[in-house]
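S.K.: In our numbering, the protein residues as written are 1 to 158.
The structure is given below, and queries will be raised subsequently.
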């Protein structure tokens, strides 16, 4: 039904984050960035706001609005329907690691990291950072309960 990963068009991303971003939780940090409107809407539709505002720590591989726009037409709208909530939760939790992992923790390494969804992501930080087939275009956006790494694609579980 879906390919594993859909590449977005973003090659680089500059986020306008407040200086106190690390005082805000992951959800509030994503909202203030302004480039994660689709992700925030999906997190709300999936009922995951309270979880991602929780203590954590979490590492979120956050697809940009452009990454969601690169999905086939109608995909996002379909996933946001109440009857598809379980599938949406599965996709979103596949983007979350239940630990705070900074880029310096994995620099020059490869790893298989367990997600909240239960499957593993393949992280390759040998040259830049790839998560499955998505590229990290901005790393280490700290939040009070973890860290956000911006990715240029929506990463889909098998």
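Even for Gly, the Cβ is constructed at its ideal location relative to N, Cα and C.
Remember, predicted model here, so these are calculated numbers, not experimental data.
#1: Only counting the same chain, and skipping five residues up and downstream in sequence, which positions put a Cβ closer than 6 Å to that of residue 31?
#2: Helix, strand or coil for residue 59, going by three-state DSSP, please let me know.
#3: Short of 8 Å in beta carbon distance, which residues of its chain neighbour residue 24, apart from the five on each side in sequence? Order them along the chain.
#4: Below 7 Å between beta carbons: does that hold for residue 152 and residue 129?
#5: Considering only DSSP beta bridges, list what residue 44 is partnered with.
#6: Looking at C-alpha atoms only, which residue of 28, 58, 141 and 119 is the closest neighbour of residue 168?
#7: Going by CA-CA distance only, name the one from 69, 35, 146 and 83 that's closest to residue 53.
#8: How many angstroms separate the CA atom of residue 157 from the CA atom of residue 87?
M.R.: Concretely, from the data shown:
#1: Your numbering for residue 31 matches position 31 in the chain shown. For residue 31, where only same-chain residues beyond five positions count, the Cβ hits under 6 Å are 40.
#2: Reading the chain shown from its first residue, position 59 is the one you call residue 59. Of the three classes helix, strand and coil, the one that applies to residue 59 here is strand, per DSSP.
#3: Residue numbering aside, residue 24 sits at position 24 when the chain shown is read from its first letter. For residue 24, where only same-chain residues beyond five positions count, the Cβ hits under 8 Å are 18, 32, 143 and 144.
#4: Here the question's residue 152 lines up with position 152 in the chain shown. Here the question's residue 129 lines up with position 129 in the chain shown. Cβ atoms of residue 152 and residue 129: not closer than 7 Å.
#5: The residue you call residue 44 lines up with position 44 of the chain shown. According to DSSP, which records beta bridges pairwise, residue 44 is partnered with nothing at all.
#6: Past the edges of the chain, shown from 1 to 158, lies residue 168, and the structure says nothing about it.
#7: The sequence position of residue 53 within the chain shown is 53, counting from 1. Selected option, being the one with the closest Cα: 146.
#8: What you label residue 157 is simply residue 157 of the chain shown in a count that begins at 1. What you label residue 87 is simply residue 87 of the chain shown in a count that begins at 1. About 10 Å.
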